[in-house]
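J.: Sequence order for the protein chains is E and F.
Under the numbering used here, think of the first position of the first sequence as 211, with each following residue one higher.
Under the numbering used here, think of the first position of the second sequence as 211, with each following residue one higher.
Protein chains: 2
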Amino acid sequence: MNTTPTRAKPPLRVLPVALAPRRVLLVGAGAAAAQKAKAVLESDCELTVIARAPCDPFFAGELPFPLLCREFRLEDVAGRDIVINATGDAALSHMLWASRKAQGYWLNCVDQPECCDFYFSATTRDHDLCVSVSTGGASPRYAQRIRDLVAACLPQRDAAFYEELRQHRHEQAARADEHGKVYLIGCGPGKREHLTLRALQCLQCLEVALIDALVGEEVVALLPRACRRINVSKRKGHQQFAQEEINAMMLEHVRAGRTVGRLKGGDPLVFGRVFEEAAFLLRHGIVPELVGGISSFLSGCLAGGIPPTLRDASAGALVVSAHLRETRFNDDWIPLLKDFPYTLIVLMAHSFAGKIEARARAHGISPGLPAAFVAQIDHPAQTTVIGTLGQLEEMARHCDKPAILVIGKAVAHALEMPHTGKRIVLPRPESCVESFFQK
Amino acid sequence: MNTTPTRAKPPLRVLPVALAPRRVLLVGAGAAAAQKAKAVLESDCELTVIARAPCDPFFAGELPFPLLCREFRLEDVAGRDIVINATGDAALSHMLWASRKAQGYWLNCVDQPECCDFYFSATTRDHDLCVSVSTGGASPRYAQRIRDLVAACLPQRDAAFYEELRQHRHEQAARADEHGKVYLIGCGPGKREHLTLRALQCLQCLEVALIDALVGEEVVALLPRACRRINVSKRKGHQQFAQEEINAMMLEHVRAGRTVGRLKGGDPLVFGRVFEEAAFLLRHGIVPELVGGISSFLSGCLAGGIPPTLRDASAGALVVSAHLRETRFNDDWIPLLKDFPYTLIVLMAHSFAGKIEARARAHGISPGLPAAFVAQIDHPAQTTVIGTLGQLEEMARHCDKPAILVIGKAVAHALEMPHTGKRIVLPRPESCVESFFQK
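#1: I want to verify the contact list: residues of chain E whose CB lies under 8 Å from the CB of F:R355, in sequence order.
#2: Does the distance from the C-beta atom of E:L277 to that of E:P264 stay below 9 Å?
#3: If you follow the beta strand (DSSP E) that E:C319 is part of, which residue opens it and which one closes it?
#4: Can you tell me whether E:H560 is helix, strand or coil according to DSSP?
#5: Give a yes or no on contact between the stretch 239-250 of chain E and the stretch 327-343 of chain F, applying the rule of three or more CB pairs nearer than 8 Å.
#6: Let me make sure I understand the geometry here. Which of E:P577, E:G564, E:V392 has the alpha-carbon closest to that of E:M459?
#7: Assuming E:A409 and F:L625 form a contact by the criterion Cβ under 8 Å, report the distance between their Cβ atoms to the nearest whole angstrom.
#8: Tell me which residues share the same chain as E:F490 and place their Cβ nearer than 6 Å to its Cβ, disregarding the 5 neighbours each side in the sequence.
#9: Would you list the residues sitting across from E:E499 in a DSSP beta bridge?
#10: Could you work out which residue in F:A452, F:A362, F:F328, F:V429 is closest to E:C412 when comparing CA atoms only?
#11: Contact criterion: CB-CB distance below 9 Å. Does F:N540 meet it with respect to chain E?
#12: Against chain E, does F:E486 count as a neighbour if the rule is that its beta carbon must be under 9 Å from one of theirs?
#13: Select from F:A261, F:G495, F:A620, F:G289 the residue whose C-alpha is nearest the C-alpha of F:G298.
#14: Is any beta-carbon of chain F found at less than 9 Å from that of E:E427?
#15: To the nearest angstrom, report how far apart E:R538 and F:L520 are at their CA atoms.
#16: Establish whether the CB of F:W307 and some CB of chain E are separated by less than 9 Å.
#17: Which of the three DSSP states, helix, strand or coil, is assigned to F:T345?
#18: Would you check if the distance between the CB atom of F:V430 and the CB atom of F:L405 is smaller than 9 Å?
#19: Per DSSP, F:K632 is paired with what?
#20: Terminal residues of the continuous beta strand (DSSP E) containing E:N441?
#21: May I ask which residues mark the beginning and end of the alpha helix (DSSP H) holding E:P350?
#22: Using a Cβ-Cβ cut-off of 6 Å (strictly less than) and excluding sequence neighbours within five positions of F:S303, which residues of its own chain qualify?
#23: Take the Cβ of E:L284 as the centre, count every other Cβ of all protein chains shown within 10 Å, and call the residue buried at 16 or more, exposed below.
#24: Using a cut-off of 8 Å between C-beta atoms, extract the partners of E:V480 located in chain F.
#25: Compare the C-beta of E:C363 against all C-beta atoms of chain F and say whether one is closer than 9 Å.
#26: Grab the span of the alpha helix (DSSP H) containing F:A409 for me, first residue to last.
#27: Under the rule that 16 or more other beta-carbon atoms within 10 Å means buried, what is F:G390, buried or exposed?
#28: For F:G510, I'd like the list of residues in its chain whose CB is within less than 6 Å of its CB, leaving aside the five on either flank, ordered along the chain.
#29: With distances taken Cα to Cα, identify the nearest neighbour of E:V287 among E:F275, E:C255, E:V234.
#30: Step through the CB atoms of chain E and report whether any lies within less than 9 Å of the CB of F:Y372.
#31: Please list, in chain order, all residues of the same chain as F:A563 whose beta carbon is under 6 Å from its beta carbon, the five residues on each side excluded.
#32: Residue range of the alpha helix (DSSP H) that F:L492 falls in?
#33: Work out the CA separation of E:G578 and E:P628 for me, nearest whole Å.
#34: Using a Cβ-Cβ cut-off of less than 8 Å, give me the residues of the stretch 543-576 of chain E that come near chain F, in sequence order.
#35: Residues of chain F with CB closer than 7 Å to the CB of E:A489, please, in chain order.
#36: With H, G and I counted as helix, E and B as strand and the rest as coil, what does DSSP make of E:C279?
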């Protein structure tokens, strides 16, 4: 099975380059040759094939290159820039290797890395764009998988886009997207891998980014180096901007022809004021693109192993915020908890834990109702604290904000998952209605 | 400004390859030379630099390659496989171009594509993996941007992962992820670009995929060619599987060592039974990975331009389903609509539009309450129909399922966005409480 010599470890670190169109001679017409021919034909290289007989079906029928059905002779290499030996004939490989310098061609012998000046890469193309993946011989199969992943991540562009790119080549002014555009981007709970592909694509073409407090560091790190970052967080210690100032900045930059991104944690549809900002821009003749994200109220449930909907425990989920209009405590939702058949998820609740506990008691809500804080979602310090509505103040002491609060029977069904991180289950108080926690 | 000759359009389709480590001679020590030297040093190529004097700071201090500070002489090319002219000296380029065949080296002259056997690509590396991007000269800047995008999309792996890849090289058995793993994957509303990066990475390593009805075609197309696809949709015309059968299939495949994916539309946390399936697997000793997605209830609001939360209109959002336990109509949520201060989003409501309208009337809910169907989210036929609770049956006739139903004052603030697709606003009935639609 193992006919090729074992390569040194770690494997060769190759130098990826793009060859200008060259004259290519391919020797052989089997399956390996067909694969190489297809790769060469995707370029503007001039291909000639020499083989005793076509073996692979690819070489049957009409071909866009000359196929000479005869024995290969060493003088066939004359005038070729590249020679590929796909016959599997090791003796031929060594002969070609010996004469390559004198004849001025570069050699690739299939499955004989020691007789290769270069290796083929797993490649994906889209118009002018060509992306190739190599593992330095470690695993062609893995290279192909990564190639497929890369192909899926590429922005979908049309021919006109590339035509424009080419026309701007000499000014080096080729920017990939419309100038003077605003993207309102949901950046998810924090980790890069929780971004949507669309968000990722938008982030990487920004020239100005207005960044909210809860946008993850991994996400900010994806911005282009030249992108101007403006922290518009309302957290203590940072410069504060009123909504009107943020609106004015967006308008100023977009009118100056810049690509502007408004980065918000989670999903900007959920308490993100994205519609206010979109309406403002529309009123000023700017049509923004809205990009959704994974909402922290759902990623928090996922992180905590808590099902927001669950047969016989919760037939829906309500998301509210304990914090409206800057600093006001919002407790309008507390009376709903009386016999509420749904899971209630409260954003910005951590600072108000004691108040919520007290008001719920005052409203006669059962203090035994299962409740959980999921804090620092997507951070190394991620913590889930599970207890009851009557223990909220104590629970809040076991974690830091930002945190979501989940209340309802479904919390009693929380699963312990590897991604949960730190997990604290408070001892159930005597007063607790035990039935909530029966499964 | 424009000193290079205009290239033919469309540009050259290059052939991307990975060069085996070769002896490289770099002429010049300016900024362009520094850039090339850095690229070469990332490979195992042997580098020598010749330049009158180091101009770029990169060439100051101790260097891991010989830097000969003298005039370049043509005999310096002897024994080199690759020569790079980074001096900007066009006469030297033409001299090197003329002697390259006889001397057996390949040439790259910076900014002189007509004197290049090959071009450098924008490259990103991670251990053994090397990904390079070229635009065939159309725009090096765009190539760099795509390179950054690709770098952000690559799975984060450690050295041990690549070590294992290398060890399995000869058996071609190198599979990139743990065998016998189950991924429960939220596939979002349908389009590829609405997947999270994590979902995308997981999809592409599956060997078996159990696919729900509402998973988008673009998503299914991302599965590896060899992946076995099992349609477990409950739609008419497809084979039906009970939940127990789906569970049994997951267990069977994962125990056989296969990488199994359970693909669900939207976010599997929202009426996706993902916790039931996770709990089943955990009981059988299998620890699944849960991957969230963009929930259709939020992507529907985004598509329809409807803010689920909005100051003075909606202080929260409740998601329920009109369809529980296979075919039963669920109307438990209808009484809530009386003076409900939140946006209510109802999944699976399209088939029950008439029933919902009638029961809401019976419960004394105002028929003038704004309501919208957002149908066929992420499909070309995507449609938003805006009306009132008293028009639901009529509204449903203007669109097809699958659709989400959004009810509440916030619907009156819906923005007309370019991504909305087809948008129908029904004439307001005389009975409508006008104040809902005042802004």
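Just so you know, even glycine gets a beta-carbon here, dropped at the ideal spot from N, CA and C.
T.: Well, looking at it:
#1: Chain E residues near F:R355: A386, Q414, C415, P434.
#2: In contact: E:L277 and E:P264 (Cβ atoms closer than 9 Å).
#3: For E:C319, the uninterrupted beta strand (DSSP E) run begins and ends at 316-319, by DSSP.
#4: Residue state, collapsed to three classes: helix.
#5: Flag = no, the stretch 239-250 of chain E and the stretch 327-343 of chain F do not touch.
#6: Checked all of E:P577, E:G564, E:V392; the closest Cα to E:M459 is E:V392.
#7: Actually they are not in contact, since the Cβ atoms of E:A409 and F:L625 sit about 20 Å apart, beyond 8 Å.
#8: Result list for E:F490: N457, in chain order.
#9: Listed as beta-bridge partners of E:E499 by DSSP are E:Y393.
#10: Of all alpha-carbon atoms in F:A452, F:A362, F:F328, F:V429, the one lying nearest the alpha-carbon of E:C412 is that of F:A362.
#11: Yes - at least one Cβ of chain E is within 9 Å of the one on F:N540.
#12: Yes, F:E486 lies at the interface with chain E (some Cβ there is under 9 Å from its Cβ).
#13: Closest by alpha carbon: F:A261.
#14: Answer no: the Cβ-Cβ gap between E:E427 and chain F never drops below 9 Å.
#15: So the two alpha carbons sit approximately 16 Å from each other.
#16: It does not: the Cβ of F:W307 has no partner Cβ on chain E nearer than 9 Å.
#17: Correct three-state label for F:T345: coil.
#18: Taking 9 Å as the Cβ cut-off, F:V430 and F:L405 do not qualify as a contacting pair.
#19: Beta-bridge partners assigned by DSSP to F:K632: F:T593.
#20: For E:N441, the uninterrupted beta strand (DSSP E) run begins and ends at 438-441, by DSSP.
#21: Per DSSP, the unbroken alpha helix (DSSP H) holding E:P350 starts and ends at 350-363.
#22: Excluding sequence neighbours, F:S303 sits near N295, C319, Q322, C325.
#23: In the assembly as shown, E:L284 is an exposed residue. Its beta-carbon has fewer than 16 other beta-carbons within 10 Å.
#24: Here the neighbours are L508, P518, T519, A527.
#25: E:C363 counts as touching chain F.
#26: Unbroken alpha helix (DSSP H) run through F:A409: 407-413.
#27: Result: exposed.
#28: In chain order, V584, I587, I614 place their CB closer than 6 Å to the CB of F:G510, counting only its own chain and leaving out the 5 sequence neighbours on each side.
#29: For the set E:F275, E:C255, E:V234, the Cα lying nearest the Cα of E:V287 is the one of E:V234.
#30: Using a CB distance cut-off of 9 Å, F:Y372 counts as an interface residue toward chain E.
#31: Closer than 6 Å at Cβ, skipping near neighbours: L602, E603, A606.
#32: From DSSP, the alpha helix (DSSP H) with F:L492 extends over 484-493.
#33: E:P628 and E:G578 have their C-alpha atoms roughly 27 Å apart.
#34: Residues passing the 8 Å Cβ filter: W543, P551, Y552.
#35: Residues of chain F passing the Cβ test: L625.
#36: Of the three classes helix, strand and coil, the one that applies to E:C279 here is strand, per DSSP.
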